[in-house]
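Numbering (this note's numbering), first residue to last: 1 to 470.
We put the beta carbon where it would ideally sit given N, CA and C, even for glycine.
One structure is given below, encoded as structure tokens.
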């Protein structure tokens with residue numbers, strides 16, 4: 001069994017990571033009734049107490065997450081160390097400072113990235129050495145602030161330097177257009193250059209999309225339809241269904257992202273008729289190295305049975321996966337070109353069901369001419385807690401260019417006036433060239449998507465039939 005290491009950077013990255021570990025433990029507890037340490041558990045957890053009990057086996061009470069937690073403020077990590085999961089983490093996995101990055105990419109990337117470089121590398125190496133077969137690093141961070149965007153992308157670069165053969169899958173939280181951090185467009189564009197150059201896959205998740213989803217859940221919770229009621233102390237709509245005794249800000253949003261990661265890694269953790277190796281995601285979905293931004297959609301969104309609702313029919317679940325309401329980023333893939341698409345299904349679903357739905361959906365989806373069969377499918381036999389089946393779709397689609405164009409527009413509004421630039425330029429190692437390179441990288445990315453999108457209207461003639469020379 002292969003292992004993965006989760007690297008959580010910044011306030012948002014650690015909050016999402018905390019929810020991931022909580023939900024992962026409860027998923028293992030649901031599947032592993034005897035609480036034994038097995039191959040599935042070893043994918044994300046290390047056993048730190050090898051005492052053997054012939055009756056109980058190796059208990060989950062003695063596990064340690066394969067993780068590195070980094071933040072330049074102490075607040076979130078201090079809360080983790082004082083919370084119900086405090087015994088999970090070892091101090092050797094943690095790295096904190098006290099002053100923070102001040103919503104400044106340059107401070108996180110240049111200043112803290114240089115000061116803590118050796119210490120970060122040391123912690124990453126120790127985490128890797130504890131794995132029998134390290135396959136993937138999962139980086140969780142946000143782009144709006146300073147630590148997540150700056151130090152997070154510096155860590156990503158270090159992962160490429162130190163572990164070039166290990167997959168790097170990044171979950172990036174994109175700020176909304178109304179973000180309260182005035183410098184978030186600068187931070188996002190500067191971070192985007194690093195993501196484009198150093199990641200194998202990026203799963204972009206928008207704060208606004210998560211807020212819209214949670215708002216819909218809350219509307220349901222207030223009794224719009226009697227057959228759709230959110231259960232009291234629901235995990236998705238609050239933190240009260242988890243390890244928290246009281247609701248914490250953003251728990252509902254963070255749970256959705258945590259469930260995205262749980263579904264994505266399900267085939268690597270549990271048995272199934274069509275298991276998907278994590279390395280296969282980039283291999284099958286990324287035909288060009290820079291175009292590795294995958295649009296995620298998840299159904300059902302209530303993956304921990306928080307909602308008293310009639311289960312969705314299997315075919316409807318596949319339709320939902322291509323609906324805007326289930327995407328974790330505002331985009332319209334159906335109006336753009338698919339380069340490839342992965343469907344990762346959990347539960348009692350047969351290969352014939354998968355093939356039937358792909359054939360049903362195919363006419364409504366535009367794939368590039370040279371990859372009409374660009375589907376990657378996975379079937380994991382273990383369903384999510386409380387449901388018979390679930391589906392995660394990851395689409396490499398040219399629709400991402402519109403999101404990047406909007407981001408560039410917000411960046412340009414500030415940069416044209418040179419507003420707030422002095423905060424960045426005062427940081428040692430930072431100059432206007434960094435901004436120029438970042439915008440050039442983003443422009444190039446948009447152009448690459450645009451050139452592929454332009455082929456949509458071009459009919460590809462059938463190749464001429466071979467003739468035998470006489």
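How big is the Cα-Cα spacing for residue i and residue j?
i	j	result
residue 318	residue 299	8 Å
residue 84	residue 21	11 Å
residue 103	residue 183	7 Å
residue 67	residue 362	39 Å
residue 178	residue 206	12 Å
residue 272	residue 344	11 Å
residue 239	residue 19	With a pLDDT of only 42 at residue 239, under 50, the local geometry of the prediction cannot be trusted, and the value read off the model is given with reservation. Going by the C-alpha atoms only, they are around 9 Å apart.
residue 276	residue 43	14 Å
residue 137	residue 6	6 Å
residue 9	residue 110	15 Å
residue 125	residue 139	15 Å
residue 274	residue 430	48 Å
residue 199	residue 286	11 Å
residue 449	residue 455	10 Å
residue 161	residue 314	43 Å
residue 446	residue 370	20 Å
residue 436	residue 87	46 Å
residue 327	residue 99	35 Å
residue 132	residue 95	24 Å
residue 216	residue 101	34 Å
residue 471	residue 24	Any question about residue 471 goes unanswered here, given that the chain covers just 1 to 470.
residue 283	residue 414	38 Å
Looking only at C-alpha atoms, which of the options sits nearest to residue i?
i	options	result
residue 212	250, 161, 286	250
residue 342	394, 328, 389	394
residue 485	452, 181, 93	Outside the shown range of the chain (1 to 470) lies residue 485, about which nothing can therefore be said.
residue 321	378, 27, 301	301
residue 128	88, 384, 74, 159	159
residue 426	252, 283, 88, 106	106
residue 390	407, 420, 290, 354	354
residue 156	131, 27, 191, 173	191
residue 150	173, 197, 187	187
residue 90	204, 75, 64	64
residue 269	41, 26, 99	41
residue 181	142, 403, 382	142
residue 533	396, 376, 328, 131	With the chain running from 1 to 470 in the structure shown, residue 533 is simply not present.
residue 78	296, 415, 14, 46	14
residue 16	261, 266, 376	261
residue 411	443, 386, 385	443
residue 69	148, 30, 144	148
residue 134	175, 113, 278	278
residue 402	332, 28, 173, 72	332
residue 346	366, 382, 170, 80	382
residue 352	377, 373, 12, 193	377
residue 296	349, 379, 364, 170	170
residue 176	428, 118, 330	330
residue 293	202, 367, 373	202
What residue range is occupied by the uninterrupted alpha helix (DSSP H) comprising residue i?
i	result
residue 131	Residue 131 -> no alpha helix (DSSP H), and no H or E assigned at all.
residue 445	432–453
residue 422	421–425
From the DSSP secondary-structure annotation, give me the bridge partner or partners of residue i.
i	result
residue 4	136
residue 338	367, 397
residue 380	346
residue 392	298, 344
residue 46	64
residue 142	173
residue 195	Looking at the DSSP assignment, residue 195 forms no beta bridge with any residue, so it has no partner.
Can you name the start and end residues of the beta strand (DSSP E) that residue i belongs to?
i	result
residue 40	It is not in any beta strand (DSSP E) - residue 40 instead sits in the alpha helix (DSSP H) that spans 39–42.
residue 206	201–206
residue 20	Per DSSP, residue 20 belongs to no beta strand (DSSP E); it is in the alpha helix (DSSP H), 10–31.
residue 360	No beta strand (DSSP E) contains residue 360, which is instead part of the alpha helix (DSSP H) from 351–361.
So that I know if they touch, is there some Cβ in chain D lying closer than 7 Å to that of residue i?
i	result
residue 320	You won't find chain D in this structure, because it holds only one protein chain.
At 3 residues or longer, and completely inside the region 253–332: list those beta strand (DSSP E) runs for me, N to C. Here the runs fully enclosed are 294–299.
Can you give, in chain order, each stretch of the beta strand (DSSP E) that sits fully within the region 52–118 and has at least 3 residues? Entirely contained in the region 52–118, the beta strand (DSSP E) runs reaching 3 residues are, in chain order, 63–65, 67–71, 94–96.
Counting only runs that start and end within the region 159–183, where is the beta strand (DSSP E) found for 3 or more residues in a row? Runs of the beta strand (DSSP E) inside the region 159–183: 167–174.
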